[in-house]
Every structure is written in structure tokens, then in C-alpha cells.
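Encoded as C-alpha cells, the structure appears first; notes follow it.
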Ligand SMILES: [Fe+2]
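In this note's numbering, the protein residues as written are 18 to 374.
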């Protein structure tokens with residue numbers, strides 16, 4: 018069975034305003050448009066996903082907030098109406114999605130083996146959060162690719178930001194191992210905004226773009242600082258700066274989606290492609306792509322030889338993970354593509370202490 022690959026990762030922020038501005042048939046409220054720069058950025062994401070031809074989209078959402086442990090969508094088919102509790106006037110979206118339960122179970126199993134409290138979500142009436150739905154709609158409105166949904170555990174809030182990120186690092190390593198073993202061709206979505214201070218009052222017309230601007234000069238400059246580093250491929254510096262950025266800018270990256278995505282990709286020290294930036298009710302939103310096929314780290318779609326067979330129902334842990342052995346933050350990959358040379362990035366230095374606390 019061919020090994021699976023992570024072919025790309027996207028920062029895919031989830032302001033419901035972007036779905037509202039697009040007026041898709043699934044969303045009840047109607048708008049006159051708005052936030053076009055970000056919506057045009059997502060048009061480029063959609064074109065990239067068309068080109069990449071993934072088997073599965075994995076999304077880590079800050080708005081599926083689990084108090085205890087890391088949860089994975091575990092029902093093959095989920096449908097219903099997702100409502101943003103803060104902006105119910107903008108987002109009441111009827112969804113219908115297919116879950117790659119097999120891959121989710123593998124990732125859940127491996128997360129547990131890395132010492133994380135992990136659980137499959139098996140409630141067939143579960144209402145999927147608006148962060149997951151918004152990022153998925155904006156990236157792939159056809160809903161024709163199975164998804165894996167991961168919750169955001171509250172560890173960065175109960176513990177320190179750095180300790181929370183260590184958990185997300187482990188969650189990424191588990192996700193990566195599951196993808197490689199599953200034979201899937203996977204795209205990752207980090208469903209998160211950058212600077213996250215926002216206006217306290219909504220304009221009378223939400224899509225009145227004359228009212229839209231950065232929350233403050235300071236927040237704008239922080240967003241631009243991080244974006245410049247990402248465009249230049251200085252990812253190690255980005256990860257090192259992340260806790261400070263989170264503290265000052267109240268960045269939604271605190272919930273761990275960004276760290277999870279980069280850990281899953283094995284921390285490629287590569288420039289990201291910025292598809293666009295825009296403010297939404299003052300928050301800073303960047304749409305970014307790291308296409309690993311362009312850098313020789315994953316197989317282009319036209320050279321991919323098909324999806325691997327389904328993984329065994331109860332795969333045996335590899336020796337590197339057996340017995341509760343813990344990889345160190347930023348160490349060489351303990352499994353998956355490491356031996357094949359597919360992934361060459363090194364981890365950040367934050368949290369560089371034993372994980373087995
Ligand atoms: Fe959010």
C-alpha cells in the first residue's frame with residue numbers, strides 16, 4: 018500500500034462574514050457582498066484544492082471546544098444547521114458532510130498513544146461548529162471530499178500557551194502518522210484568525226465596507242510582521258514568536274490549529290503563499306498556502322498512483338511509539354515520512370522540554 022502524504026496546508030480563517038458575503042444557497046441570511054479581498058483569496062484556495070486532488074480535508078477548529086481531551090468527528094455522515102452564536106444574523110448554514118471515520122480513528126488512536134486524552138465523537142445528532150463548517154465551505158463549497166474534524170482542546174487556556182502548543186504538537190504528530198499509514202492524500206486546514214481583537218458593535222449594515230478597518234495600528238503591524246516572516250519562510254521564528262503574538266494580539270492561533278497543522282507537516286521551513294489578507298470586524302485574517310508538492314515534499318496529483326487500501330482495523334503501534342515513548346518537541350520525525358525524506362523541517366524551540374509530565 019502506498020504511503021499517504023500531506024500535500025498542502027492552508028491557513029483558512031473562518032469569519033462567518035465571508036460566507037454571508039458570498040450568499041451561498043446553504044446560508045439563510047442574504048447580503049450585498051463585502052469582504053471581497055478575502056473571498057477572492059479563497060477562490061485561489063479552491064483552485065489549489067482542485068489541482069491538488071486530495072482524498073481528505075482535515076480541519077482543526079477553535080470553535081469545537083472540548084473541555085476534556087481532543088475529539089474527532091466519528092460519524093460517517095453528519096447533517097444539520099450550524100449557527101454562529103455570536104453572529105446568528107449572519108450565519109445559519111445547512112450542512113451535509115461525509116467524514117473519513119477510518120482516518121479519524123487512526124489519528125485518535127495515535128494521539129492516545131502519544132499521551133493525549135483523545136476520543137471519537139459518535140453522536141449522530143451532533144451539530145458541527147461554525148468554524149469547521151465555514152473553513153470547509155470557503156475551501157471546498159462542493160462538499161465532495163470527505164473530512165476529518167478535530168476539536169480544539171482547552172489546554173492552552175488551562176495551562177500555559179507553550180504547554181498547550183506542546184499538546185498540539187503531539188496531536189499533529191499523531192495526525193501525520195495516521196495520514197501516512199492510511200495511504201490518504203491529505204490537505205490540512207488551520208481554521209484560525211490572526212489578530213483577534215474586534216469591535217464591540219456591529220455596523221447597522223454588517224457588509225458596509227466603509228466601516229471595516231484594522232482594530233488598531235498595533236494589531237495591524239503585528240499581523241504584517243508575522244505575514245512577512247511566513248512569506249519569507251522564516252517559520253522557526255514564527256513559532257518562537259507565537260506565544261508573544263498570542264498574548265499581545267489575542268491571536269486565535271492560541272487554540273492550537275496553526276501548531277497542529279505545522280506539526281502534521283513536520284515543520285517545513287518554507288515560504289507560504291499569501292492569497293490575501295483582510296480585516297473582519299477589526300480582526301486580522303490571512304489566507305495562506307503551503308503547497309508541499311511545489312517544493313518536492315509531496316507528490317503532484319498527476320503523478321499520484323491512487324489512494325491506498327483501507328488501513329487495518331487495529332494497526333499495531335510502531336516501535337517508536339510503543340510503551341508511551343514520547344518524541345521531543347522539534348525532534349526528527351519518529352515515524353511516517355521521515356525515513357523517506359519527504360519531510361525535512363525542524364520543530365520550533367519553544368516548549369523544548371520532556372513531554373512526559
Ligand atoms: Fe473564531
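In this text, a Cβ means the ideal position worked out from N, Cα and C, and glycines have one as well.
Hey, would you say the C-beta of residue i is under 7 angstroms away from at least one heavy atom of ligand 1?
| i | result |
| --- | --- |
| residue 257 | no |
| residue 269 | yes |
| residue 215 | no |
| residue 230 | no |
| residue 86 | no |
| residue 210 | yes |
| residue 80 | yes |
| residue 34 | no |
| residue 148 | yes |
| residue 31 | yes |
Of all the options the options, which has the alpha carbon lying nearest to the alpha carbon of residue i?
| i | options | result |
| --- | --- | --- |
| residue 283 | 71, 185, 123 and 174 | 185 |
| residue 313 | 285, 155 and 87 | 285 |
| residue 198 | 58, 168 and 120 | 120 |
| residue 12 | 299, 29 and 43 | The requested residue 12 is not part of the displayed model; the chain covers only 18 to 374. |
| residue 244 | 271, 41 and 210 | 210 |
| residue 202 | 50, 68, 273 and 51 | 68 |
| residue 269 | 122, 212, 230 and 171 | 212 |
| residue 73 | 217, 276, 206 and 218 | 206 |
| residue 66 | 114, 276, 153 and 236 | 153 |
| residue 5 | 274, 23 and 114 | This structure gives no information on residue 5, because the portion of the chain shown stretches from 18 to 374. |
| residue 228 | 252, 28, 193 and 217 | 217 |
| residue 23 | 230, 255, 76 and 266 | 76 |
| residue 62 | 28, 172 and 94 | 28 |
| residue 181 | 194, 319 and 84 | 84 |
| residue 267 | 196, 64, 174 and 40 | 174 |
| residue 122 | 234, 237, 196 and 230 | 196 |
| residue 234 | 60, 208, 265 and 171 | 265 |
Less than 8 angstroms between the CB atoms is what I'm expecting for residue i and residue j, so what's the real figure, rounded?
| i | j | result |
| --- | --- | --- |
| residue 378 | residue 162 | Absent from the model: residue 378. The displayed extent of the chain is 18 to 374, so no value can be given. |
| residue 79 | residue 280 | Not confirmed; about 16 angstroms, so no contact. |
| residue 188 | residue 133 | 6 angstroms |
Looking only at its own chain, which residues have a Cβ that is under 8 angstroms from the Cβ of residue i, when we skip the five neighbours before and after it?
| i | result |
| --- | --- |
| residue 81 | 88, 145, 146, 148, 149, 166, 167, 168 and 169 |
| residue 108 | 33, 36, 37, 44, 46, 99, 100, 101, 147 and 151 |
| residue 92 | 116, 118, 138, 139, 140, 141 and 143 |
| residue 302 | 30, 32, 55, 210, 211, 294, 295 and 296 |
| residue 322 | 19 |
| residue 157 | 63, 66 and 74 |
| residue 60 | none |
Please list, in chain order, all residues of the same chain as residue i whose beta carbon is under 7 angstroms from its beta carbon, the five residues on each side excluded.
| i | result |
| --- | --- |
| residue 307 | 25, 26, 282, 285, 287 and 289 |
| residue 248 | 288, 289 and 291 |
| residue 112 | 43, 96, 97, 99, 145 and 150 |
| residue 331 | Below a pLDDT of 50, predicted positions are generally treated as unreliable, and residue 331, at 37, falls in that range; the measurement from the model is reported next regardless. Excluding residues within five positions, none has a Cβ falling inside 7 angstroms. |
| residue 135 | 86, 87, 125, 128 and 129 |
| residue 178 | 260, 263 and 271 |
| residue 215 | 232, 298, 299 and 300 |
| residue 58 | 292, 293 and 304 |
| residue 406 | Residue 406 cannot be examined here, being either before or after the span of the chain that is shown, 18 to 374. |
| residue 220 | 228 |
| residue 394 | With the chain covering only 18 through 374, there is no way to say anything about residue 394. |
| residue 172 | 180, 181 and 184 |
| residue 250 | 286, 287 and 288 |
| residue 236 | 212, 214, 266 and 301 |
| residue 342 | Per-residue confidence for residue 342 stands at a pLDDT of 31, beneath the threshold of 50, marking its modelled position as unreliable; no derived number is given. |
Only counting the same chain, and skipping five residues up and downstream in sequence, which positions put a Cβ closer than 6 angstroms to that of residue i?
| i | result |
| --- | --- |
| residue 317 | 310 |
| residue 191 | 124, 127, 128 and 131 |
| residue 222 | none |
| residue 252 | 286 |
| residue 246 | 254 and 255 |
| residue 110 | 43, 44, 99 and 150 |
| residue 315 | 22, 24 and 309 |
| residue 277 | 77, 185, 188 and 189 |
| residue 208 | 29, 31, 76, 78, 148, 152 and 274 |
| residue 319 | none |
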